[in-house]
Amino acid sequence: MPAVAQEQENAEGQATILDTITVTARRHAEDAQSVPISIKVIEGRETEQISPASSNADIARSTPNFVMQEFGGNYTNIGHIRGVGSLFPLSPDDTSVSFNVDEIPMSAFGIPPSALDLSRVEVLRGPQGTLYGRNSQGGAVNFVPNTPEFHREFRLRGEIGTNGWHLGEFIANMPLIDDTLAARLALQYSSRDGDIRNVVQGGEDGAIRVGAARGSVLWTPSDVTSVLLSLNYDRNDDATPLWVMRDADCYPCSGLNPRNDFRREQYGTKLRVEHDFDAFRFTSISAFQSMESPQVMDLADGLVYGDSVNGPRENLSLVELGEQNLFQEFRLSSHDDAHVRWTAGLNYFQSDFDMLRRAENLTDPAFFTYGGRLNTEMRTRSYAAFGEASVPLTDRLTGVIGMRLTHEEKRVAYVFDGEPPDTVDFFRQDASFKDSFVTGRVGLNYQWTDDLMTYASMGRGAVAGGLPWVPYNVPFGINEASFPTSLSWTYEAGFKATLWDGRATLNGSLFYNDVRDGHLLTYDPAIYSFTVAALDYETYGGELEARVQVTPDLTVFGGIGYTHATFGTIPEPSLTGARTGGRVPGIPRLTGHLGMEYRIDASRLGVNQGEFYVNANYQHVGSRAVDVKRTFDLDAYGVVNARLGWQGDDAEVYLFANNVFDERYEIIGASYGPGLDLVRPGVGRTIGLGASVRF
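Numbering (our numbering), first residue to last: 1032 to 1726.
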């Protein structure tokens, strides 16, 4: 995805400068270059190049020091920013990295946020929570959709490509009452065939179907009042294997029988009411989200378990997930032009999560944790008060202070009907968890000139504790233990510079994170299951990002990130397998991207209107440890994407190639024992043709 801003000519009409990027990361509209936070923004037409099937991963690879795990199946909104985050979520309300769509926090188990009809995506590095939403320990990712406008517009877009790639999109914007009532509708459907050969059944595994719809109505009864009602629906069908054998001669290939079938549907509604009083702005956000996910998994892949299980190849796990979330937030904030900018608010979050897992045709005791019927009911209630203020101390020096008070209550019920003698016949556990904690941040930023700002900050992050959504001890008749709240301190210093009379930007930052009781999992091959590990670790590093308008036709952009993440002191011996100074799993030390876009007036090539363009970018992700034991490392990889097209005022035609060199990179991995190194492969090359038209 190219990070190319639109161009505008200077007063002399001879040079081209980069457009201002406006963000609302701090609940005020402001230039991204003036925000004292390390932030990456993907905006406008760039968002159209985000894959509907892997939106989070595409965004992460264009953002230094941001890594998505791309686990698929259950977990899709899980990642690390600057080495802080989750490899696997312990509960659906995991907020290690917060994903927010239109200001609403998303479930860790929900469908990846749709890239449909987006205004921009904001990736904020470092702890968040003093301005809106829920706590965030590593950072936040905000998906900002387009809202209804008071003009008539329709748009159609379609793509077709190799490997069964199809995409169709329709967007309509209509004023219903001039300057008072407007509506917007966006629809999108995409599909891709599988490209992982199934050596048992034949054909390919890994097909994905993604559908999304959003409708919104904006009512502005006066100049100072607005009401926005939106409805959304998403569906995802995924037949990708959880794992494949890393060393298989046919890699990537699977031995699933039957194929995995992960289905998820989610829908929701949001009501935003905003009113400007003389002294402040009032905002109310009310939202409801519901998700259902029936899943069929073959637990004994013929390639993965053939040597260790020696059982039939149709051992099935049938899982039904359901979650309903309520969110209510009230905010008061200063106006955008206020001398002292401030925000204060209250919010309430409620999650009701249910999981039912059944197993069929299991003949081997190695799978005792799956044998039988397991039901988990998890109820979360979160209450928070938060606020932040930016106070000018001098003409150039500004202080920032923010605080958040959070109280979390969780109740969990586990019911297990087992299959003795390998498990207990029946066991029930009712447990609860409560905690209150304070997070926040303080900082200073200094505006040396109109084009150079430096900043420094210290922040406190947190992820609430609780109990795991999958109990690992209940099949033995042993109560599941809770895991503690993870707290962290983050220290950051950075700069933001606009250079060459507005033709370039250069932003950099350094950071250090001290994380206590980080939420991690470790795999125990003796019982084919994961267990919870709360371990201390630290991360440090930095990122550097730049955009340069080299000529009026050529833009070059890129960024590089470095993260060093290691465990703190771990008593010996440790059942987790982690060791003092060991590498934190899932964290590459080096990430980065480099790209360009070249545009020329179409008249130079004999076409009456529009522009021809070509863009290409390279995305790099370094090697990563697969688990706390560092059983093995995932290989580093690089992906090249390219696009060539013509764009006019109301139409566009383009050729595209994603993963040009067909890199079958390793996303995540696990070791199930000697000789059983497993990975999840990335998507291969896709070449296609696309077109869009506005009317």
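Just so you know, even glycine gets a beta-carbon here, dropped at the ideal spot from N, CA and C. This structure is a prediction, so every number in the text was calculated from the model and none was measured.
Status (buried if at least 16 other CB within 10 Å, exposed otherwise) for residue i
i	result
Ala-1007	Residue 1007 falls outside the range modelled here, since the chain spans only 1032 to 1726, and no answer is possible.
Phe-1399	Its pLDDT being 42, under 50, Phe-1399 is placed unreliably in this model, and the value from its coordinates should be taken loosely. By the neighbour-count rule (16 or more Cβ atoms within 10 Å), Phe-1399 is buried.
Gly-1653	buried
His-1624	buried
Ala-1243	buried
Val-1035	In this prediction, Val-1035 scores a pLDDT of 39, lower than 50, which makes its location untrustworthy; the coordinate-derived value is nonetheless stated afterwards. When all chains shown are included, Val-1035 counts as buried.
Ala-1656	buried
His-1111	buried
Ser-1127	buried
Gly-1170	buried
Leu-1566	buried
Lys-1301	buried
Ala-1088	buried
Lys-1071	buried
Gln-1640	exposed
Val-1638	exposed
Asp-1309	exposed
Trp-1479	exposed
C-beta contact flag for residue i and residue j at 8 angstroms
i	j	result
Leu-1483	Lys-1441	no
Leu-1552	Val-1275	no
Thr-1161	Gly-1539	no
Thr-1536	Ala-1524	no
Ala-1270	Gly-1237	yes
Val-1748	Leu-1347	Residue 1748 lies beyond the residue range present for the chain, which begins at 1032 and ends at 1726; the question has no answer from this structure.
Asn-1689	Thr-1717	yes
Gly-1246	Ser-1261	yes
Phe-1588	Gly-1626	yes
Ala-1091	Pro-1120	no
Ser-1150	Asp-1265	no
Leu-1720	Glu-1190	yes
Trp-1250	Leu-1212	yes
Between the CA atoms of residue j and residue i - distance to the nearest angstrom
i	j	result
Cys-1284	Tyr-1668	19 angstroms
Phe-1313	Ala-1369	15 angstroms
Ala-1722	Ile-1227	29 angstroms
Arg-1372	His-1366	7 angstroms
Leu-1686	Asn-1288	37 angstroms
Asn-1544	Leu-1147	34 angstroms
Leu-1436	Asn-1378	11 angstroms
Phe-1526	Asn-1096	17 angstroms
Arg-1277	Gly-1713	13 angstroms
Thr-1600	Gly-1199	52 angstroms
Ala-1682	Asn-1648	24 angstroms
Asn-1476	Thr-1374	18 angstroms
Leu-1621	Thr-1094	12 angstroms
Glu-1642	Ser-1421	43 angstroms
Asp-1332	Leu-1405	22 angstroms
Arg-1294	Arg-1223	15 angstroms
Glu-1061	Asp-1254	21 angstroms
Arg-1389	Val-1350	6 angstroms
Gly-1617	Gly-1704	19 angstroms
Gly-1164	Val-1615	28 angstroms
Ser-1167	Ala-1203	35 angstroms
Val-1172	Met-1137	10 angstroms
Glu-1184	Gly-1075	16 angstroms
Ile-1591	Glu-1576	7 angstroms
Val-1579	Thr-1570	30 angstroms
Residues near residue i by beta carbon distance below 6 angstroms, same chain, minus five either side
i	result
Ser-1517	Val-1494, Asp-1548, Gly-1549, His-1550
Asn-1341	Bear in mind that a pLDDT of 46 at Asn-1341, under 50, signals an unreliable position, so the number given afterwards is only what the model happens to contain. Excluding positions up to five away in sequence, the list is empty.
Gln-1232	Asn-1288
Leu-1541	Ala-1524, Gly-1573
Arg-1303	Leu-1259, Ile-1316
Asn-1267	Ile-1142, Val-1241, Arg-1295
Asp-1124	Ser-1382, Thr-1411
Chain-order list of residues whose beta-carbon lies under 8 angstroms from that of residue i (same chain, five-residue window excluded)
i	result
Arg-1491	Pro-1158, Val-1469, Thr-1470, Gly-1471, Arg-1472, Leu-1518, Ser-1519, Trp-1520, Thr-1521
Arg-1711	Glu-1101, Phe-1102, Gly-1103, Thr-1271, Pro-1272, Leu-1273, Trp-1274, Val-1275, Glu-1697, Ile-1698, Ile-1699, Gly-1700
Cutoff 7 angstroms; reference residue i; Cβ partners in own chain excluding five residues on either side
i	result
Gly-1508	Val-1455, Phe-1458
Gly-1676	Tyr-1644, Glu-1683, Val-1684, Tyr-1685, Leu-1686
Gly-1612	Thr-1597, Phe-1598
Beta carbon proximity, residue i to chain B, threshold 8 angstroms
i	result
Ile-1068	Protein chains in the displayed structure number just one, and chain B is not present.
Where in the region 1191-1226 do unbroken runs of the beta strand (DSSP E), each at least 3 residues long, occur, reported from the N-terminal end onward?
If we require 3 residues or more, the beta strand (DSSP E) runs fully inside the region 1191-1226 come out as 1196-1208, 1212-1223.
List, from N- to C-terminal side, the beta strand (DSSP E) runs of 3 residues or more that fit wholly inside the region 1436-1521.
Fully enclosed beta strand (DSSP E) runs of no fewer than 3 residues occupy 1457-1480, 1483-1494 of the region 1436-1521, in order along the chain.
Can you give, in chain order, each stretch of the beta strand (DSSP E) that sits fully within the region 1542-1622 and has at least 3 residues?
DSSP runs (the beta strand (DSSP E)) wholly in the region 1542-1622: 1560-1580, 1585-1598.
Mind listing, in chain order, the continuous beta strand (DSSP E) runs of no fewer than 3 residues lying wholly within the region 1165-1192?
As far as the region 1165-1192 is concerned, its whole beta strand (DSSP E) runs of at least 3 residues are 1170-1176, 1184-1192.
Output the residue ranges of the alpha helix (DSSP H) runs that lie fully inside the region 1069-1154 and measure 4 residues or longer, sorted by chain position.
The qualifying runs are 1086-1092.
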